[in-house]
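Novice:
There are 2 protein chains.
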Amino acid sequence: MYAKTELFDTDLQTRAELFKALAHPARLAILKYLAETRTCITGDFSDELPLSRTTVSQHLKELKDASLIVGTIEGVKTCYCLNLSKIKEFRSLSSEFFDNIIASEAICCK
Amino acid sequence: MYAKTELFDTDLQTRAELFKALAHPARLAILKYLAETRTCITGDFSDELPLSRTTVSQHLKELKDASLIVGTIEGVKTCYCLNLSKIKEFRSLSSEFFDNIIASEAICCK
DNA sequence: TAAATATGACGTAAATATACGTCTTATTTT
DNA sequence: AAAATAAGACGTATATTTACGTCATATTTA
Chain A
1 MYAKTELFDT DLQTRAELFK ALAHPARLAI LKYLAETRTC ITGDFSDELP
51 LSRTTVSQHL KELKDASLIV GTIEGVKTCY CLNLSKIKEF RSLSSEFFDN
101 IIASEAICCK
Chain B
1001 MYAKTELFDT DLQTRAELFK ALAHPARLAI LKYLAETRTC ITGDFSDELP
1051 LSRTTVSQHL KELKDASLIV GTIEGVKTCY CLNLSKIKEF RSLSSEFFDN
1101 IIASEAICCK
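In order, the protein sequence lines correspond to chains A and B. Following our numbering, the numbering of the first sequence begins with 1 at its first residue and continues without gaps. Following our numbering, the numbering of the second sequence begins with 1001 at its first residue and continues without gaps.
Here it is in structure tokens:
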């Protein structure tokens, strides 16, 4: 059982994974911080969140796996930056999904 | 541990919960079906999905808890319909989040 | 080179999500 | 009223996510 997600359209799988990547406040906080400060994360970001360093590192990895951020090694530090082109792509995927539903003007049976 | 989600801004929590409600292809498939057919689900929807009746019922409950659909009892049947006003609200929340990030024009440290 | 620092890898415990079978309750239909 | 049908409630097994500590590796600084 589980992993029955593979039995659905790849289209739906892709979108579900996008939403999943955004389904934790810590990950949203990281993205928001990067946008607000217009900088990249180079140091210990756990000061900014109520989570341990390793947990934050794990969330950064998830964002990286989803391509929402990119990480480049700068000597002893790692620099995490927003991947704006991918984020734009994700906005389209998300908007498209909502728009298609809203455009249907489906009527409730009541 | 866990449920540290409550330590974040309610704003971020709300958005994370929205994304979580959409983070499974079965739930996206249900919403898509309701929009495409422009009808409501009144019978056994598990025929349409590679999942058992009880599992589908569980996903319907999650969509209902997130207010993305509404369920009304019609005698022996239950009628599940899209909650378009809530979906519009969610589209705004989602778009707003993406737009704020994109508007930042954050630059990568590279 | 040795010590300090940064950070991912790895392992693990606990919480939550997924999936499904069975049971219960309520409404029809016969 | 009895049988059939519909669908949520409940329990449970398994998978995944979350959270964190420790360890390993790499780079810098002293």
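Where is the CB? At the ideal position from N, CA and C, for every residue including glycine. This one's a predicted model, so the numbers in the text were calculated from it and none came from an experiment.
For B:H1024, decide whether its Cβ has a neighbour in chain A, counting only Cβ atoms nearer than 8 Å.
Specialist: Closer than 8 Å to some Cβ of chain A, the Cβ of B:H1024 qualifies, so yes.
Novice: May I have the straight-line CA-CA distance separating B:C1081 from A:S52, to the nearest angstrom?
Specialist: Straight-line Cα distance between these residues: approximately 42 Å.
Novice: Spatial neighbours of A:E62 within its chain, please: C-beta separation below 7 Å, excluding the five flanking residues on both sides.
Specialist: A21 and R27, listed in sequence order.
Novice: Which residues in the same chain have their Cβ closer than 8 Å to the Cβ of B:I1073, if we skip the five residues on either side of it in sequence?
Specialist: So the qualifying residues of the chain are C1079.
Novice: Based on DSSP bridge pairs, tell me the residues matched to B:I1107.
Specialist: DSSP, once it has assigned bridges, lists no residue as partnering B:I1107.
Novice: Name, please, each residue of chain B whose Cβ falls closer than 9 Å to the Cβ of A:L51.
Specialist: The contacting residues are K1004 and L1007.
Novice: For chain A, check one thing: does any of its Cβ atoms lie closer than 8 Å to the Cβ of B:S1046?
Specialist: Output row for B:S1046: interface = no.
Novice: Roughly how many angstroms separate the alpha carbons of B:D1065 and B:L1018, rounded to a whole number?
Specialist: Spanning the two alpha carbons is a distance of roughly 11 Å.
Novice: Taking B:T1078 as part of the beta strand (DSSP E), name the residues at either end of that continuous run.
Specialist: That run of the beta strand (DSSP E) goes K1077 to L1082.
Novice: Beta carbon of A:Q13: closer than 7 Å to some heavy atom of the ligand FAD?
Specialist: This structure lacks the ligand FAD; in fact it carries no ligand of any kind.
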